[in-house]
């Protein structure tokens with residue numbers, strides 16, 4: 008789909024598919040999760056909302072694939088909802104848990120997503136096409152949700168398990184970033200080659 012068509016999709020009725028609505032709900036849940044984590048200090052309710060958010064992430068992907076509701080708008084909104092939720096919860100944990108590792112995790116996440124944004128924009132400009140999340144990106148998201156969930160649920164988590172879980176998440180994010188870089192590089196090179204052959 009061309010960039011102009013993508014813009015139209017955001018303003019059309021087809022934008023309001025069930026998967027896209029679920030993604031929007033996840034974004035709207037973020038302030039409540041932050042409130043219960045950082046202000047109300049109700050970690051149990053915050054964890055419940057975070058878990059619901061994670062399940063809606065799984066649900067919107069399942070519905071989109073099995074009921075042919077995949078849209079370019081969804082390819083944009085879904086990862087935005089994921090990353091905003093992850094960043095918000097990790098930031099809350101940084102404030103509630105005295106852990107330098109958690110701050111490092113937040114920093115790595117921010118750097119990774121900035122790099123992903125740059126690569127995505129370069130790819131969009133080169134091939135004029137939006138690509139959805141790949142399996143390694145989805146796996147990285149699952150790992151981050153699990154690590155954040157464990158560290159949220161258990162306030163007195165063993166320091167070694169805490170450090171290893173964060174190192175595990177950082178490792179998955181790093182591998183995911185490298186694989187995305189290779190994917191975008193291959194995509195752009197193949198597009199340029201195909202374009203040259205058609206001239």
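Residue numbers (our numbering): 8 to 206.
All C-beta atoms, glycine included, are put in the ideal place defined by N, C-alpha and C.
- Assignment of residue 164 by DSSP, reduced to helix, strand and coil, places it in the coil class.
- In the displayed model, residue 121 falls within a helix according to three-state DSSP.
- Counting the other Cβ atoms within 10 Å of the Cβ of residue 158 gives 16 or more, which makes it buried.
- Within the segment 59-134, the alpha helix (DSSP H) runs of at least 4 residues that lie entirely inside it are, in chain order, 79-103 and 107-134.
- Judged by beta-carbon spacing, residue 119 lies beyond the 9 Å limit of residue 172, meaning their Cβ atoms are not closer than that value.
- Beta-carbon to beta-carbon, residue 31 and residue 84 are separated by about 7 Å, close enough to satisfy the 8 Å threshold.
- Looking at 136, 92 and 49, the one whose alpha-carbon comes closest to that of residue 116 is 92.
- The DSSP-derived three-state label of residue 139 is coil.
- Its chain contains 60, 63, 64, 88 and 92 as the residues whose beta carbon lies nearer than 7 Å to that of residue 33, once the 5 sequence neighbours on both sides are disregarded; these appear in chain order.
- A Cβ-Cβ separation of about 6 Å places residue 40 in contact with residue 57 under the 8 Å criterion.
- By the C-beta density criterion, residue 154 is buried, having at least 16 other C-beta atoms within 10 angstroms.
- Rounded to the nearest angstrom, the gap between the Cα atoms of residue 49 and residue 202 is 56 Å.
- If the five residues before and after residue 42 are omitted, its C-beta is found closer than 6 Å to no C-beta atom of its own chain.
- Approximately 5 Å separates the beta-carbon atoms of residue 26 and residue 81; this is inside 8 Å, confirming the contact.
- Taking C-beta atoms under 8 Å as the contact rule, residue 67 and residue 29 qualify, at a distance of about 4 Å.
- When 95, 130 and 128 are compared, the shortest CA-CA separation from residue 114 is found for 95.
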